[in-house]
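For the sequence shown, counting from 1, position 131 maps to 131 in UniProt numbering; every step adds exactly one. Just so you know, even glycine gets a beta-carbon here, dropped at the ideal spot from N, CA and C. Source: prediction; values computed, not measured.
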Amino acid sequence: KVRCMAAKILCNLVTANRQTASVIATVIHISPTEDAVTSRLLQSMTLSNTQETESGYEMESRNNYNWVDMMVGSARAGNREALAAIVAALHNCIVSLSKDASSSPSFDESNSYKDLSRKASSNTALICNLLRQMLPSKSIVPNSNESKSTDTIMDHADGATEWISLLLERLCQMGMLSKMLLAAGSTNGSSRSGNKMDVVVIPEQVVLLHCISHFVEESMDPSSKARTAFHPLGGEGGGDAMTETHTFLANSLCSIGHSLPTSLGPHDGGSGSDGTELYEGELQCRQSAHILLLEILATSLAHETSSSNVTDTCATVRETVGQKTSIMVDSLVELGKLVDALTFKTRGQKARELRLETDEQQYMTGYIRLIGNLCYQCKSNQDMLRQTQVPITNVVSNDEEPSSKTSDAVVRTGLHVLLTCTSFSFGCFTLREWAIVAIRNALDRNNANQDVVEKLEAQQALDSPELQNAGVKVNMDKTGKVSVHKR
């Protein structure tokens with residue numbers, strides 16, 4: 001009870017109080033120093049049992065107050081209420097300093113706000129402990145007497161869950177998501193830098209992506225009460241922070257996607273596309289991170305606002321991500337593989353009998369949304385959609401992986417692939433709507449793309465993998481006359 005009351009007092013002291021927040025940010029460190037960690041390891045290994053060493057350790061602990069120790073201590077004591085108050089204190093400290101930085105010309109005050117945010121975001125101990133304490137242990141290890149059916153699973157989220165989410169979301173809005181993902185994935189506890197995530201994804205990163213995905217979805221919903229004035233991915237940090245965050249996520253999506261097996265669906269481990277042996281848990285983490293990154297980008301790039309400055313920034317982000325990363329080309333190639341695989345899988349079925357698996361629906365709608373939003377009022381990305389050649393996958397049988405061999409006789413572009421996706425609309429509830437939006441964005445104010453679609457409508461060339469394998473090509477002229485030719 002004393003721990004909880006002390007945590008609440010600390011939280012109240014820093015709330016809307018810049019002077020106290022500045023003092024607390026200076027006095028309380030983010031995590032223990034290396035000397036403190038070393039002393040604890042030595043003590044736990046019983047390599048030093050003298051009274052002098054213990055006294056020195058206790059003195060060092062008193063002089064090194066830090067957020068991580070306070071959080072870990074509350075969590076080990078099972079005091080989730082105190083944990084919530086401590087996380088709330090850190091959150092309110094950052095908020096108080098950020099408000100002061102935006103309204104005061106003082107360089108020191110603005111710098112202290114940015115310094116605290118950067119230190120918190122890049123600290124592996126802090127980020128990992130926050131993610132591990134997202135939910136209470138009783139929700140992770142269910143009682144053996146409880147039913148595991150989805151109908152009886154209770155929501156174990158509490159005050160600590162809410163405050164941890166708010167802190168992570170606030171840091172993400174400041175443009176610190178890339179730092180948090182790198183910190184969560186660090187294996188040696190040191191801060192890392194880079195322009196993408198490693199292909200080795202750990203559960204803490206998946207938890208963080210789940211949290212941010214939910215935040216982005218709520219923030220982008222016009223009817224949501226959680227909608228904020230800033231873009232959820234770096235909007236508070238300015239245009240450079242938004243661009244950096246989206247570029248990092250795009251590079252991570254492409255990198256992880258290249259490491260996954262070429263076929264969708266559940267796997268019991270095996271090899272990735274690079275030949276690396278993957279166990280089931282590692283593969284599931286990669287797949288979860290991949291689909292979450294896809295959904296985050298597809299949703300965030302749809303941001304539209306009445307503010308001209310924010311609109312211009314979003315347009316810059318779309319163009320930069322589309323032109324400076326390989327996300328557009330990779331998305332078109334992956335979408336083409338999915339279309340070819342589904343065409344072979346559903347051959348002979350009536351349109352209304354189509355049934356797509358959950359992961360197939362997620363990937364298809366995700367790629368369509370992402371491509372459509374990248375093309376929104378961005379001519380360079382629209383042109384790339386038309387100019388990118390997508391190889392046709394020769395699917396042999398259901399028991400084999402789709403082959404990477406392509407046919408030189410038939411050439412299709414990304415625009416053709418996008419138009420083809422509408423044929424699977426009966427198998428996915430929202431696919432038709434997303435495809436229509438994407439096609440509209442691809443053709444908007446782009447005469448070259450509109451001409452391609454007009455020619456396709458007049459020609460109606462059927463270049464499916466089945467007809468290619470059969471050596472048959474069907475053409476239709478402008479009058480509607482059909483002709484069949486050998487390839």
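Report task. Could you have a look at GLU357 and say whether DSSP puts it in helix, strand or coil? Result -> Taking the first residue of the sequence shown as 1, we reach residue 357 at position 357. Here GLU357 sits in coil by DSSP.
**Report entry** Residue(s) in a DSSP beta bridge with VAL390
**Finding:** Translated into positions along the sequence shown, residue 390 becomes position 390. Bridge partners of VAL390 according to DSSP: ARG412.
Query raised in the report: By a C-beta neighbour count over all protein chains shown, 10 Å radius and 16 as the cutoff for buried, is residue 491 buried or exposed?
Result: Here the chain covers residues 1 to 487 and nothing more, so residue 491 does not appear.
Query raised in the report: Any chance the segment 8-18 sits against the segment 74-91, with 3 or more Cβ pairs inside 8 angstroms?
Result: Enough Cβ pairs lie closer than 8 angstroms, so yes.
Query raised in the report: Is it right to say GLN173 is buried, meaning 16 or more other beta carbons lie within 10 angstroms of its own, or is it exposed?
Result: As a working mapping, residue 173 is identified with position 173 in the sequence shown. Buried, by the Cβ-count rule.
Query - Residue(s) in a DSSP beta bridge with ASN66 - result: Here the question's residue 66 lines up with position 66 in the sequence shown. HIS29.
Query raised in the report: In whole angstroms, what is the alpha-carbon distance linking SER259 and CYS285?
Result: Working through the sequence shown from its first residue, we reach residue 259 at position 259. Working through the sequence shown from its first residue, we reach residue 285 at position 285. Straight-line measurement puts the Cα of CYS285 at about 12 angstroms from the Cα of SER259.
Query raised in the report: By DSSP, does ALA250 sit in helix, in strand, or in coil?
Result: Here the question's residue 250 lines up with position 250 in the sequence shown. Correct three-state label for ALA250: helix.
Requested in this report: Note down the Cα distance separating SER407 from LEU419, rounded to an integer number of angstroms.
Outcome: Position 407 of the sequence shown, counting from 1, holds the residue named residue 407. Position 419 of the sequence shown, counting from 1, holds the residue named residue 419. The predicted position of SER407 is uncertain, since its pLDDT is 46 and thus under 50; a value taken from the coordinates is nonetheless stated next. If you draw a straight line from the Cα of SER407 to the Cα of LEU419, it comes to about 20 angstroms.
Query raised in the report: So what's TYR376 in DSSP terms, helix, strand or just coil?
Result: For this step, residue 376 is matched to residue 376 along the sequence shown. Residue state, collapsed to three classes: coil.
Query raised in the report: Who are the near neighbours of MET70 in its chain, counting only those whose CB is closer than 6 angstroms to its CB and skipping five residues on each side?
Result: Residue mapping note: residue 70 aligns to position 70 of the sequence shown, counting from 1. Contacts found: ILE86.
Query raised in the report: In chain order, what residues of the same chain lie with their CB nearer than 6 angstroms to the CB of ASP158, ignoring the 5 residues before and after it?
Result: For the purposes of this step, residue 158 is identified with residue 158 of the sequence shown, where counting begins at 1. For ASP158, where only same-chain residues beyond five positions count, the Cβ hits under 6 angstroms are ARG80.
Report task. Use the C-beta contact count for PRO32: other C-beta atoms within 10 angstroms, 16 or more gives buried, fewer gives exposed. Result -> Taking the first residue of the sequence shown as 1, we reach residue 32 at position 32. By the Cβ-count criterion, PRO32 is buried, with 16 or more other Cβ atoms from all chains shown falling within 10 Å of its own Cβ.
Query raised in the report: Shortest alpha-carbon distance to GLY322 belongs to which of ALA21, ALA298, ARG18?
Result: Taking the first residue of the sequence shown as position 1, residue 322 is located at position 322. GLY322 has its Cα closest to that of ALA298, out of ALA21, ALA298, ARG18.
Query raised in the report: To which residues of the same chain is ILE327 closer than 7 angstroms at the C-beta, ignoring the five residues directly before and after it?
Result: Counting from one through the sequence shown, the residue named residue 327 turns up at place 327. Around ILE327, the same chain offers ALA250, LEU253, CYS254, VAL321 as residues with beta carbons nearer than 7 angstroms, after the five sequence neighbours per side are excluded.
Query raised in the report: Under the rule that 16 or more other beta-carbon atoms within 10 Å means buried, what is HIS231, buried or exposed?
Result: The residue given as residue 231 occupies position 231 in the sequence shown. Burial call: buried.
Requested in this report: Kindly indicate which three-state DSSP category LYS99 falls into: helix, strand or coil?
Outcome: Locating residue 99 in the sequence shown gives position 99, where the first residue counts as 1. Looking at LYS99 - three-state DSSP - the assignment turns out to be helix.
Requested in this report: Measure the C-alpha to C-alpha separation of SER74 and ARG3 and round it to an integer number of angstroms.
Outcome: Taking the sequence shown and counting its residues from 1, the one referred to as residue 74 is at position 74. Taking the sequence shown and counting its residues from 1, the one referred to as residue 3 is at position 3. Rounded to the nearest whole angstrom, the C-alpha separation of SER74 and ARG3 is 8 angstroms.
Query raised in the report: Skipping 5 residues on each side, what residues in its chain have a beta carbon closer than 8 angstroms to that of THR388?
Result: Here residue 388 corresponds to residue number 388 of the sequence shown, with the count starting at 1. Its chain contains MET328, VAL329, LEU332, THR413, GLY414 as the residues whose beta carbon lies nearer than 8 angstroms to that of THR388, once the 5 sequence neighbours on both sides are disregarded; these appear in chain order.
Report task. Name the residue from PRO136, SER122, VAL201 whose alpha carbon lies nearest to the alpha carbon of LEU177. Result -> The residue you call residue 177 lines up with position 177 of the sequence shown. Closest in C-alpha terms to LEU177, from the list PRO136, SER122, VAL201, comes SER122.
**Report entry** THR245 beta carbon less than 9 angstroms from that of ALA183
**Finding:** Mapped onto the sequence shown, residue 183 falls at position 183. Mapped onto the sequence shown, residue 245 falls at position 245. Contact: no.
Query raised in the report: Who are the Cβ neighbours of residue 506 in its own chain at under 8 angstroms, not counting the five residues just before and after it?
Result: An answer regarding residue 506 cannot be provided, because it is not within the stretch 1 to 487 covered by the chain.
Query raised in the report: Quick one: what does DSSP say SER186 is sitting in, helix, strand or coil?
Result: One-based indexing of the sequence shown puts residue 186 at position 186. Judged by DSSP in its simplified three-state form, SER186 adopts coil rather than helix or strand.
Query raised in the report: Do you know offhand how far THR20's Cα is from LEU335's?
Result: What you label residue 20 is simply residue 20 of the sequence shown in a count that begins at 1. What you label residue 335 is simply residue 335 of the sequence shown in a count that begins at 1. CA-CA distance, THR20 to LEU335, rounds to 53 angstroms.
Query raised in the report: Is it the case that the Cβ atoms of residue 509 and LEU456 are separated by a distance below 9 angstroms?
Result: Nothing can be reported for residue 509, as the shown portion of the chain is limited to 1 through 487.
Query raised in the report: How about ILE24 and VAL14: are their beta carbons less than 9 angstroms apart?
Result: As a position in the sequence shown, residue 24 is number 24, starting the count at 1. As a position in the sequence shown, residue 14 is number 14, starting the count at 1. Yes, these two residues count as a Cβ contact at 9 angstroms.
Query raised in the report: Which of the three DSSP states, helix, strand or coil, is assigned to ALA6?
Result: For this step, residue 6 is matched to residue 6 along the sequence shown. Here ALA6 sits in helix by DSSP.
Query raised in the report: Which residues mark the beginning and the end of the alpha helix (DSSP H) in which ASP35 is found?
Result: Numbered from its first residue, the sequence shown carries residue 35 at position 35. Unbroken alpha helix (DSSP H) run through ASP35: 34-44.
Report task. Report the rounded CA-to-CA distance for SER425 versus THR346, giving the unit in angstroms. Result -> As a position in the sequence shown, residue 425 is number 425, starting the count at 1. As a position in the sequence shown, residue 346 is number 346, starting the count at 1. So the two alpha carbons sit approximately 13 angstroms from each other.
Query - Whole-number beta carbon distance between THR316 and THR422, since they are thought to touch under 8 angstroms - result: Numbered from 1 along the sequence shown, position 422 holds the residue referred to as residue 422. Numbered from 1 along the sequence shown, position 316 holds the residue referred to as residue 316. The pair is not a contact, with the Cβ atoms about 30 angstroms apart (cut-off 8 angstroms).
Query raised in the report: Is LEU90 closer than 9 angstroms to LEU167 when the C-beta atoms are compared?
Result: Translated into positions along the sequence shown, residue 167 becomes position 167. Translated into positions along the sequence shown, residue 90 becomes position 90. Result yes, Cβ atoms of LEU167 and LEU90 sit closer than 9 angstroms.
Query raised in the report: Excluding sequence positions up to five away, which residues of its chain have a Cβ less than 6 angstroms from the Cβ of VAL453?
Result: Taking the first residue of the sequence shown as 1, we reach residue 453 at position 453. Non-local beta-carbon contacts of VAL453 in its own chain, meaning distances under 6 angstroms to residues more than five positions away in sequence, are absent.
Query raised in the report: What does a CB cutoff of less than 6 angstroms around PRO216 pick up in its chain, not counting 5 residues either side in sequence?
Result: Here residue 216 is taken as the residue at index 216 of the sequence shown, counted from 1. Residue identity check: residue 216 is Val in the sequence provided, not Pro. Excluding residues up to 5 positions away in sequence, PRO232, ILE296, THR299, SER300 lie with their Cβ nearer than 6 angstroms to the Cβ of VAL216 in the same chain.
Query raised in the report: Where LEU171 and ALA351 are concerned, what is the direct C-alpha to C-alpha distance, given to the nearest angstrom?
Result: For the purposes of this step, residue 171 is identified with residue 171 of the sequence shown, where counting begins at 1. For the purposes of this step, residue 351 is identified with residue 351 of the sequence shown, where counting begins at 1. For LEU171 and ALA351, the distance between alpha carbons rounds to 46 angstroms.
Query raised in the report: Taking all protein chains shown into account, do 16 or more other C-beta atoms lie within 10 angstroms of the C-beta of TYR65, making it buried, or fewer, making it exposed?
Result: By 1-based counting over the sequence shown, the position of residue 65 is 65. Classification of TYR65: exposed, given that the 10 Å Cβ count is below 16.
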